[in-house]
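All residue numbers for the sequence shown refer to full-length UniProt numbering, where the first residue is 1 and numbers rise by one. Built from N, CA and C at the ideal position, the CB exists for glycine as well. Written below as structure tokens is the structure these notes are about.
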Amino acid sequence: MEKQHQSYTLSYLPVAWEYQEIIKTLIQNKAQGKVFYFNTENTIDETVGQVMTLTGDSGAGLFVTMDNGVAVRIDRIITICGKLGAAYDEYNNFSVCGANCGEGS
Numbered sequence: 001m002e003k004q005h006q007s008y009t010l011s012y013l014p015v016a017w018e019y020q021e022i023i024k025t026l027i028q029n030k031a032q033g034k035v036f037y038f039n040t041e042n043t044i045d046e047t048v049g050q051v052m053t054l055t056g057d058s059g060a061g062l063f064v065t066m067d068n069g070v071a072v073r074i075d076r077i078i079t080i081c082g083k084l085g086a087a088y089d090e091y092n093n094f095s096v097c098g099a100n101c102g103e104g105s
């Protein structure tokens, strides 16, 4: 299956090592589940499948690839197989604050 690498306009933000370790463990355990993430339009998206590989580099970005061919940049993952991802705080802030957070009255 062809890899669906998405082109993000936001710069890659390096993630804490814990998130990479979570993904590596999921790959070793051949974990299957849902991944919720911010897509290239910065809206919430999801994919379902087995976590297959972690590729890329810390400069251009690390991507987790699912068995369905979808590749998600790890700094944009909200949750992966029920575990918190690097973008969870961004998601949580948005859900608490709403789309109008920070706008003047």
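- Message: Suppose contacts are defined by Cβ-Cβ distances below 8 Å. Is G61 in contact with Y12 by that definition?
- Response: Taking the first residue of the sequence shown as position 1, residue 61 is located at position 61. Taking the first residue of the sequence shown as position 1, residue 12 is located at position 12. Closer than 8 Å, so yes.
- Message: Does L62 come out as helix, strand or coil in the three-state DSSP assignment?
- Response: Indexing the sequence shown from 1 puts residue 62 at position 62. Reduced to three states, the DSSP call for L62 is strand.
- Message: I'd like to confirm something about V15: is its beta-carbon nearer than 7 Å to some heavy atom of the ligand FMN, or not?
- Response: Within the structure as shown, the ligand FMN is missing, as the structure has no ligands at all.
- Message: In this structure, how does DSSP classify W17 when only helix, strand and coil are distinguished?
- Response: For the purposes of this step, residue 17 is taken as the residue at position 17 of the sequence shown. Reduced to three states, the DSSP call for W17 is helix.
- Query: Going along the chain, which residues of its own chain have a beta-carbon closer than 6 Å to the beta-carbon of Q32, five neighbours each way excluded?
  - Reply: On the sequence shown, residue 32 is found 32 positions in, with the first residue counted as 1. So the qualifying residues of the chain are Q50.
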